[in-house]
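Colleague: For the sequence shown, this note's numbering begins at 140 and goes up steadily by one.
For each residue, glycine too, the CB sits at the ideal point set by N, CA and C.
Below is one structure. I have some questions about it.
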Amino acid sequence: MNSNKLYSSRTMAVQAGYYMDPHTGAVTPPVYAATTFARDDEYETIYSATYSRYGNPTYDQLETVLAALDGGAGARVFGSGMAAITTFLQTVPAGAHIAAPRIMYHGAQDWLRRLVTERGMDLTLFDAADPKALAAAVRPGETALVWIESPVNPTWDVIDVAAAANVAHAAGAILAVDATVATPVFLRPLELGADMVFHSATKYLNGHSDVLAGVLVSAADDARWAEIGRLRALMGGILGPFEAWLLLRGIRTLHLRVERAAANALAIAQHFENHLKLDAVLYPGLTSHPGHETAKRQMDGGFGAMLSILVRGGAKEARQVATATNLFIPATSLGGVESLIEHRATVEGPDSAVPKNLLRISVGIEDATDLIQDLEAALDTL
Ligand SMILES: *Cc1c(COP(=O)(O)O)cnc(C)c1O
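Put into C-alpha cells, the structure is as follows:
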C-alpha cells in the first residue's frame with residue numbers, strides 16, 4: 140500500500156485493496172486468521188506483533204488505508220463504532236468538562252451521560268444549529284474535549300469544523316469529530332484542524348450492512364494516541380481479521396457508492412422540498428438549508444446521503460409512512476447500498492430530543508426515480 144499523499148482520497152479508496160503477494164502475485168490480500176505469530180531462531184519477533192489483540196497483518200493493512208483516507212498520523216480499528224468511542228473517551232481525565240451537541244448520535248451521548256454519573260464528568264450539550272452555541276459551551280482551562288458531528292444526526296445541522304477547532308484549542312481542549320455520515324470522501328476534519336476523527340465503519344466505509352466496526356484516526360502520533368493503542372489492547376475491543384478483510388473490500392468502492400447515494404439524496408431532497416404532506420426536508424445540500432454555505436465550504440464534492448423529512452402531523456403519521464414504503468426498508472442504521480427509513484423517536488425512546496414527526500432516510504444507490512416514486516406512494520397513504 141502506497142500511503143504517499145500525492146493521490147486523491149478517491150484513488151486511495153480504490154487502492155485500499157491493493158496488495159501484491161510477493162510469492163504468488165495475488166492482487167488481493169489474504170485473511171490472516173492467525174491469533175499468534177511465531178518468533179525466529181534468535182527468538183526475535185518476525186512480525187511487528189506477536190498476538191492479534193496487539194496487531195494482525197489484515198487489520199494493520201486496513202489501518203494504513205484508513206489513515207491515508209483521512210490524512211492522519213495513524214488509524215486504529217475497533218470491533219464496533221461504540222468500542223472506538225468508549226475507548227477514546229477513556230483517555231479524557233475523570234472529572235473533566237466535555238462539550239457535545241444536544242442532538243447527536245444517541246449511543247455516544249448515552250455514554251457521555253454515563254461518564255457524568257459514573258466518572259464525575261461535566262457535560263454541556265449545545266445547540267448545533269446555533270453557530271455561537273459552542274463558544275458559549277466551552278470553559279477555558281476546564282474543557283478537555285469538544286465532541287462534534289457534521290452533519291449532525293438526524294437533523295443534519297452543519298457545524299463549522301475549522302471554527303470548532305479554533306474554539307476548542309483556544310479553551311485548551313481537543314476537537315474530536317464523528318465523521319461517519321460525511322465519510323472521508325466528502326469531509327476530512329483533520330485538514331480543518333480537528334485532533335481526532337471517528338467513523339462507525341459499520342456504515343459507509345464498509346457499505347454493505349454486514350460488518351460492525353469502528354475507527355479512530357489521529358492527527359498526531361502523540362501520547363494520547365499511544366495510550367489509545369494500549370487501551371485497545373487491554374480492553375480488547377479489537378476487530379476480527381475477517382471483518383477487516385471485508386472492510387478493505389468495501390472501501391475499494393467507497394467513493395462510487397457515496398457519490399451515487401449523495402446524488403440520489405439530492406434528487407430526493409429537491410423533489411420533496413415543498414411537498415404538501417411534509418413540514419420540511421432537512422438536507423444540507425438544499426440551498427434553503429441554514430448550514431448549506433458552511434457545508435459547501437468544508438465538504439468536498441457532495442453533502443452526504445442522509446436526509447430527514449418532517450411529516451405533516453405527528454408520530455402516528457410518520458410511522459405510517461415508514462411502514463408504507465416498498466423500497467425503503469424500515470430499519471435502523473445507515474450507509475449501506477440499500478435505502479432505509481426510520482422513525483427516530485421510536486428508536487431513541489422517551490428521552491429523545493428528536494422531533495416526533497421526523498423520519499430519517501439513509502439513501503442508497505438504487506435508481507433515484509424508483510426511490511422518489513416509492514416515497515410519493517407512501518405519502519399518498521396519508
Ligand atoms: C452507527 C453510528 C455510531 C456507532 O457505531 P456502531 O458501529 O454502531 O457501534 C456512531 N456515530 C454515528 C454517527 C453512527 O451512525
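E288 to H236, Cα distance in whole Å?
Modeller: Taking the straight line joining both Cα atoms gives about 18 Å.
Colleague: In the structure shown, what three-state DSSP assignment does H414 receive?
Modeller: Three-state result, H414: coil.
Colleague: Can P328 and V320 be called in contact, C-beta distance under 7 Å?
Modeller: Contact flag unset, no.
Colleague: Can you name the residues that DSSP bridges to H236?
Modeller: DSSP output for H236 lists D261 and T282 as bridge partner(s).
Colleague: Go ahead and label S142 buried or exposed: buried means 16 or more other beta carbons lie within 10 angstroms of its beta carbon, across all protein chains shown.
Modeller: In this predicted model, S142 has a pLDDT of only 46, less than 50, meaning its place in the structure is not dependable; the value taken from the coordinates is given anyway. Answer is exposed; the Cβ neighbour count stays below 16.
Colleague: Closest to R215 by CA distance: which of E281, Q437, R192 and L405 is it?
Modeller: Checking every option, the nearest Cα to that of R215 belongs to R192.
Colleague: Report whether the distance from the Cβ of S187 to the nearest heavy atom of ligand 1 is below 6 Å.
Modeller: The answer is no for S187.
Colleague: Taking the C-alpha atoms as reference points, what is the distance between V397 and I480?
Modeller: Distance between the alpha carbons of V397 and I480 is about 17 Å.
Colleague: Whole angstroms are fine: how far does the CA of T225 sit from the CA of M140?
Modeller: Because the pLDDT of M140 is 42, which lies under 50, any placement of that residue in the model is unreliable, and the number read from its coordinates should be weighed accordingly. In a straight line, the C-alpha of M140 is about 30 Å away from that of T225.
Colleague: Beta-carbon within less than 7 Å of A304's beta-carbon, same chain only, minus the 5 sequence neighbours each way: which residues are those?
Modeller: Hits under 7 Å: L314, L331, G332 and A333.
Colleague: On the three-pair Cβ rule with 8 Å, is the segment 377 to 386 touching the segment 334 to 353?
Modeller: Touching, yes.
Colleague: In whole angstroms, what is the alpha-carbon distance linking I377 and P293?
Modeller: If I take the Cα positions, the gap works out to 28 Å.
Colleague: Within 8 Å, do at least three Cβ pairs link the segment 261 to 275 to the segment 237 to 244?
Modeller: Enough Cβ pairs lie closer than 8 Å, so yes.
Colleague: Relative to the alpha-carbon of D490, which residue among G246, E366 and V297 has its alpha-carbon at the smallest distance?
Modeller: Among G246, E366 and V297, the Cα nearest to that of D490 belongs to G246.
Colleague: Identify whether P161 lies in helix, strand or coil by the three-state DSSP scheme.
Modeller: Three-state DSSP puts P161 in coil, outside helix and strand.
Colleague: What is the rounded straight-line gap between the Cα of V285 and the Cα of D299?
Modeller: If you take the alpha carbons of V285 and D299, they lie about 13 Å apart.
Colleague: Would you check if there are 3 or more beta carbon pairs closer than 8 Å linking the segment 447 to 459 to the segment 412 to 422?
Modeller: Yes, since at least three Cβ pairs between the segment 447 to 459 and the segment 412 to 422 fall closer than 8 Å, the two stretches touch.
Colleague: To the nearest angstrom, how far is it from the Cα of R258 to the Cα of F227?
Modeller: Distance between the alpha carbons of R258 and F227 is about 15 Å.
Colleague: If we cut at 7 Å on Cβ distances, does H482 have a partner in chain D?
Modeller: Given the protein chain composition of this structure (a single chain), no chain D is represented.
Colleague: I need the DSSP call for A307, collapsed to helix, strand or coil.
Modeller: Helix.
Colleague: In the DSSP assignment, find the alpha helix (DSSP H) that holds G389 and state where it starts and stops.
Modeller: Segment P380 to I390, the alpha helix (DSSP H) holding G389.
Colleague: What residue ranges within the segment 302 to 371 form continuous beta strand (DSSP E) runs of no fewer than 3 residues, ordered along the chain?
Modeller: You should have 313 to 317, 335 to 339 and 353 to 357.
Colleague: Between V148 and L208, what straight-line distance do the alpha-carbon atoms span, to the nearest angstrom?
Modeller: According to the sequence shown, residue 148 is Ser rather than Val. C-alpha separation (whole angstroms): 5 Å.
Colleague: Please list, in chain order, all residues of the same chain as A461 whose beta carbon is under 6 Å from its beta carbon, the five residues on each side excluded.
Modeller: P469, I480, H482 and L498, listed in sequence order.
Colleague: What span of residues does the beta strand (DSSP E) with A214 cover, start to end?
Modeller: Here the beta strand (DSSP E) through A214 covers G213 to F217.
Colleague: Taking the beta carbon of N403 as the centre, do at least 16 other beta carbons fall within 10 Å, making it buried, or is it exposed?
Modeller: N403 should be labelled buried.
Colleague: Going by beta-carbon coordinates alone, are A507 and A406 separated by less than 7 Å?
Modeller: In this structure, A406 lies closer than 7 Å to A507 by Cβ.
Colleague: At the level of alpha carbons, what is the spacing between D513 and K435?
Modeller: Their Cα atoms are separated by approximately 29 Å.
Colleague: Mapping the DSSP letters down to three states, classify L205 as helix, strand or coil.
Modeller: Three-state result, L205: helix.
Colleague: How about G211 and S339: do their beta carbons lie closer than 7 Å?
Modeller: Their beta carbons are not under 7 Å apart, which means G211 does not touch S339 by this criterion.
Colleague: Would you mind giving the Cβ-Cβ distance between A172 and P380, rounded to the nearest angstrom? I have them listed as a contact below 8 Å.
Modeller: That belief holds up - the Cβ atoms of A172 and P380 are roughly 6 Å apart, short of 8 Å.
Colleague: Which ranges does the alpha helix (DSSP H) cover as unbroken runs of at least 4 residues, wholly within the segment 431 to 463, from first to last along the chain?
Modeller: Fully enclosed alpha helix (DSSP H) runs of 4 or longer: 431 to 437 and 454 to 463.
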